[in-house]
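Heads up: the sequence shown is residues 526 to 645, going by the working numbering.
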Amino acid sequence: MKTFDIALLEELTTKQDLALALDISIRSIHSYDTIAKRNLPEYLEDYPTVRNKPITRHPLTRFQCWILGKIAWHLRLFSVGELTYFLAENYEFAVKFSKEEFKNLNKAQVTLYSHQNYES
Numbered sequence: 526m527k528t529f530d531i532a533l534l535e536e537l538t539t540k541q542d543l544a545l546a547l548d549i550s551i552r553s554i555h556s557y558d559t560i561a562k563r564n565l566p567e568y569l570e571d572y573p574t575v576r577n578k579p580i581t582r583h584p585l586t587r588f589q590c591w592i593l594g595k596i597a598w599h600l601r602l603f604s605v606g607e608l609t610y611f612l613a614e615n616y617e618f619a620v621k622f623s624k625e626e627f628k629n630l631n632k633a634q635v636t637l638y639s640h641q642n643y644e645s
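This is the structure we're talking about:
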């Protein structure tokens, strides 16, 4: 399975560039972004804010890219409804999407998997 190191991404990455890196459509990235914003407070908090409102058109941080990659991977296994339910109702599952988990993984190597590799 081909992977790439998330550290190779720019500090801030556009949604379009992430879509290209993951070999998925920009529409999918926007859908995953919506799932993350609604269900993962730390994801939303990573956007810069103006008057306490997130600027969601801003490029993504590496943490946010990692989250969207995880959502893409999990949507190969679950429906949107199931994933949303697990994020809302299952703490042990949701904590795997936390900034703390990202920091722990980032100490070694954090990878994102491209869409093509799911079909291998």
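Cβ coordinates follow ideal geometry from the N, Cα and C atoms, glycine included.
Worksheet item: Hey, quick one: how far does the alpha helix (DSSP H) through F553 stretch, first residue to last?
Response: In the sequence shown, residue 553 corresponds to position 28, counting from 1. Per the sequence shown, the amino acid found at residue 553 is Ser instead of Phe. I551 to N564 is the extent of the alpha helix (DSSP H) around S553.
Worksheet entry | Opposing strand residues paired with W609 [DSSP bridges] | One-based indexing of the sequence shown puts residue 609 at position 84. Position check: residue 609 holds Thr in this sequence, whereas Trp was assumed. Beta-bridge pairing links T609 to no other residue.
Item to complete: Determine the extent of the alpha helix (DSSP H) in which D542 is found, giving its start and end residues.
Response: If you number the sequence shown from 1, residue 542 lands on position 17. Note, D542: alpha helix (DSSP H), K540 to L547.
Worksheet entry | Buried versus exposed, by CB contacts within 10 Å (16 or more), A613 | The residue given as residue 613 occupies position 88 in the sequence shown. Answer is exposed; the Cβ neighbour count stays below 16.
Fill in: Reduced DSSP category for L534 - H, G, I as helix; E, B as strand; rest coil
In the sequence shown, residue 534 corresponds to position 9, counting from 1. Coil, per DSSP.
Item to complete: Buried or exposed for S645, please, with buried defined as at least 16 other CB atoms from any protein chain shown within 10 angstroms of its CB.
Response: Reading the sequence shown from its first residue, position 120 is the one you call residue 645. Its pLDDT being 41, under 50, S645 is placed unreliably by the model, and the measurement read from it follows with that caveat. Looking at its Cβ environment, which holds fewer than 16 other Cβ atoms inside 10 Å, S645 is exposed.
Worksheet item: The alpha helix (DSSP H) spanning Y616 covers which residue range?
Response: If you number the sequence shown from 1, residue 616 lands on position 91. Where Y616 is concerned, the enclosing alpha helix (DSSP H) stretches over Y616 to A619.
Item to complete: In the DSSP assignment, find the unbroken alpha helix (DSSP H) run with H583 in it and report its ends.
Response: Along the sequence shown, one-based indexing puts residue 583 at 58. Where H583 is concerned, there is no enclosing alpha helix (DSSP H), given that its DSSP letter is neither H nor E.
Discussion item. I need the straight-line Cα distance from L537 to N629, nearest angstrom please.
Written reply: Walking along the sequence shown from the start, residue 537 turns up at place 12. Walking along the sequence shown from the start, residue 629 turns up at place 104. Cα-Cα distance, rounded: 20 angstroms.
Worksheet item: Is the segment 590-609 in contact with the segment 551-565, if contact means three or more CB pairs nearer than 8 angstroms?
Response: yes
Discussion item. Tell me which residues share the same chain as P573 and place their Cβ nearer than 7 angstroms to its Cβ, disregarding the 5 neighbours each side in the sequence.
Written reply: In the sequence shown, the residue the question calls residue 573 occupies position 48. Only I580 and H583 meet the Cβ criterion.
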